[in-house]
Amino acid sequence: MSNPSVQNDAILSAKDLELSFGNDPVLDGATLAVYPGEKVGLVGRNGCGKSTFLRIITGAESADAGQISRKQGLVVGYLPQEFELNESDTVEENIRAGSADLLAKIERFETDENLSLAEQENLQRAIDHADGWNLESRLEILMRELSTPPADRKVSYLSGGEKRRVGLCHALISQPDLLVLDEPTNHLDAEAIAWLESYLAQGSGACLFVTHDRYFLDRIATRIIELADGRFFSYDGNYSDYLAGKAERQERDQQVERKRQRFLKREIEWVRAGVKARRTKQRSRLDNFYEIKSQKSPDQELDMELVIPTPPKLANIVVEMKDVGFYYEREPVLLGLDLKFQEGECVGVVGPNGVGKTTMLKLVQGEIAPTEGRVTIGKRTEFNYVDQTRLELDEDKSVLDEVSQGIDYVKFGDESISVRGYLQRFLFSNDRINDRIGNLSGGEKNRVLLAKILKRGGNFLVLDEPTNDLDLPTLRVLEEALINFSGTSVVVSHDRWFLDRVCDRVIVFEKGDLVTVNEGNYSYYLQKRKARELAAAAARPKPAKKKRGRDRSNEPRKLKWKEERELEGMEDAILQIETEIEEMEKKLNDPEFYKKNAASAGEVGVTLEVKRSEAKAMYDRWEKLEAIRANYDKATS
């Protein structure tokens, strides 16, 4: 762990930033630097100023004091939490707008006949640096992998989540030197998140991002920077390394605090003895006492336990679904679903947006009837539904008044706890409990909603995207609460770390109307699915090539312009993927890797096989293009 400093080779640096909202300091001498190619995860509690800092370094907002420096010519792609698109343009037009400068360079290179040789070389270098010759294929890949709406759809007709995905494509399309991403995984399904991880990890550009997705942090970040008390603390490595490093820092801080307290205790006794500060030495000692006494003790993270009210006992039958099907306007949404929920289990629900997850939750609770099959709800089953749209909060009420609703105590089995004590378990300090809802950050408001809804009780919790916008400490305590909950819970989430920690089974909405029920957590399901896909691909016979008239494949021809560009970049691309393969092979041959990363070792092995297949395809393509060029050179020589 270190306090980051600015150095000459940084592509972006922030030095001694100061920012306050009223009397509340947000940035207090904050200093950091971002270097070429590194992937930096920015973490911190809700409301600490992470999004504000991103707005400052991208020029969308200004600090009260301090300096921002950028490398000359730095290209930045920015995805804020609230991304503004051109509502009158189409999806494709908005995405292309993210590469407007690059498109202008390409057009000038191709059409301006008055360019000097030096200007041509400079333009060529800039276009090559941004991989501009592959812009069209990159556009198609981004739209497909991030599941954007159709290219010609007007943005004004899109939902908030759809606009968010278009905004992400807009930020990625230009292959910038630095990507600044604020919650990039919001509104992405698990498969899109996995693709984005791979895309960013393999990219040569730097990335500074804020996210609550801990797998994303663990797999992408090469450094974690924590914003706390207005300052930055830097930890080399990923999220797991950060947790270990932070624990060490807190222990050192506590040792310093214990020494400070011992010193103050001795000096207080000396002061109380009535020693007069007449001599210089005594005056100096007294000054030193007041200086150390005024020092701020290290902030402690609230060590609270989020406890869900004790649920009533469930009957033998909780909820049973037998051969359940549901149709919407004669189109199947669910078919042949068999499920039997057990007391004490947590079941995860995963799948792309719009495939029927919310419909399934409504069927489980009896809110809608199945088109076919039967849903049986136990006599003692009491549902408590946390909808992803959530409830409206009264911005003028205090946190205490909003949650208490005139009731001073919350029942926990045979015991009761005050609403104030209950809110402390949701990580609210006494001061914050009395604060207006309107003064809270987005994450704090979500904690108020959780506290308000979970207070209702129930023995069957149905949670639809409960992790949205929660900070990392709150996610951890919510996980512990669900693990210790004695009732039944169903959780719809795209947060893979959360699913892995709390779920005993996962229901996965796969391609078409296929819904599978899988024992174990989500990572185990992914490993099994990848193994099935590889086995199926290996067993699949290659289709016989059809002969269509005269075979011209071996006739000499000149490489097309795009093929020339592709061939020029293939050597570097092959070298890059071979390096990645070598690094993964080293990991898998290292016994220490298995000890520290047992859960992810299988996934690394699967990724290695995929990379080997990609490398083979690259070699095949390279050999084909080289053969075309060699044949043409031979025929024309």
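Take the sequence shown: its position 571, counting from 1, is numbered 605 in the working numbering, and each next residue is one higher. For every residue, glycine included, the Cβ atom is placed at its ideal position computed from N, Cα and C. Keep in mind that this is a model prediction, so the values were computed, not measured.
Can you check whether the CB of residue j is closer than 8 Å to the CB of residue i?
i, j, result
"R591", "Y666", "yes"
"L76", "I259", "yes"
"G390", "L368", "yes"
"D535", "E567", "Position check: residue 535 holds Arg in this sequence, whereas Asp was assumed. Against a cut-off of 8 Å, the Cβ pair of E567 and R535 comes out as no contact."
"S208", "S133", "yes"
"L261", "G83", "yes"
"L506", "H246", "yes"
"S122", "S190", "yes"
"D524", "V496", "The displayed chain sequence assigns Val, not Asp, to residue 524. For V524 and V496, yes; Cβs fall inside 8 Å."
"D442", "G476", "no"
"R286", "K356", "no"
"E72", "A240", "yes"
Exposed or buried, what is residue i when buried is set at 16 or more other beta-carbons lying within 10 Å of its beta-carbon?
i, result
"P70", "exposed"
"P218", "buried"
"K486", "buried"
"Q458", "buried"
"P500", "buried"
"P345", "buried"
"Y276", "buried"
"V437", "buried"
"W167", "buried"
"L609", "exposed"
"P343", "buried"
"T415", "buried"
"F417", "buried"
"S47", "buried"
"F55", "exposed"
"V383", "buried"
"K327", "Confidence is the limiting factor: at K327 the pLDDT is only 49, short of 50, which leaves the residue's position unreliable, though a coordinate-based value still follows. With fewer than 16 other Cβ atoms within 10 Å, it is exposed."
"V540", "buried"
"R296", "exposed"
"Y361", "exposed"
"E478", "buried"
"L483", "buried"
"N350", "exposed"
Look up residue i in the DSSP assignment and say whether it is helix, strand or coil.
i, result
"R142", "helix"
"L51", "strand"
"T670", "helix"
"E416", "coil"
"L119", "coil"
"K327", "Any reading at K327 is ruled out, since the residue's pLDDT is 49, under 50, leaving its predicted position unreliable."
"P260", "The amino acid at residue 260 is misidentified as Pro; the sequence shows Glu. Residue state, collapsed to three classes: strand."
"I102", "strand"
"E377", "coil"
"S85", "helix"
"E354", "strand"
"F460", "coil"
"Y273", "helix"
"P625", "helix"
"Y362", "strand"
"A349", "coil"
What whole-angstrom Cβ distance do residue i and residue j have, given they're in contact under 8 Å?
i, j, result
"R130", "L137", "7 Å"
"P114", "D216", "5 Å"
"L230", "L222", "7 Å"
"V526", "L373", "Between L373 and V526 the Cβ distance is about 14 Å, and since that is not below 8 Å, they are no contact."
"G100", "K49", "6 Å"
"G378", "S520", "6 Å"
"V214", "I45", "Going by Cβ atoms, the distance from V214 to I45 rounds to 12 Å, so no, they are not a contact pair."
"P183", "E196", "5 Å"
"A205", "G111", "4 Å"
"M9", "W656", "As shown, the chain starts at 35 and ends at 671. That puts residue 9 outside it, with no answer to give."
"V381", "F494", "The pair is not a contact, with the Cβ atoms about 11 Å apart (cut-off 8 Å)."
"R481", "L461", "7 Å"
Please determine, among the options, the residue with the shortest C-alpha to C-alpha distance to residue i.
i, options, result
"L53", "C203, K347, E513, T65", "T65"
"R663", "R265, L495, E602", "E602"
"V125", "L622, R178, E657, T393", "R178"
"G554", "K564, D538, E617", "D538"
"G81", "A94, V60, L622, R89", "V60"
"T641", "M652, L622, E626, D654", "L622"
"L180", "G201, H163, D165, A97", "G201"
"V358", "V352, E406, N350", "E406"
"E614", "W595, L593, C380, E643", "E643"
"A607", "A649, L483, F627", "A649"
"D58", "D98, A67, R89, L88", "D98"
Compute the minimum distance between the beta carbon of residue i and the heavy atoms of the ligand NAD, and state whether it is under 7 Å.
i, result
"D162", "Within the structure as shown, the ligand NAD is missing, as the structure has no ligands at all."
Examine chain C for any beta-carbon lying closer than 8 Å to the beta-carbon of residue i, and answer yes or no.
i, result
"A262", "Any reference to chain C falls outside this structure, which holds one protein chain only."
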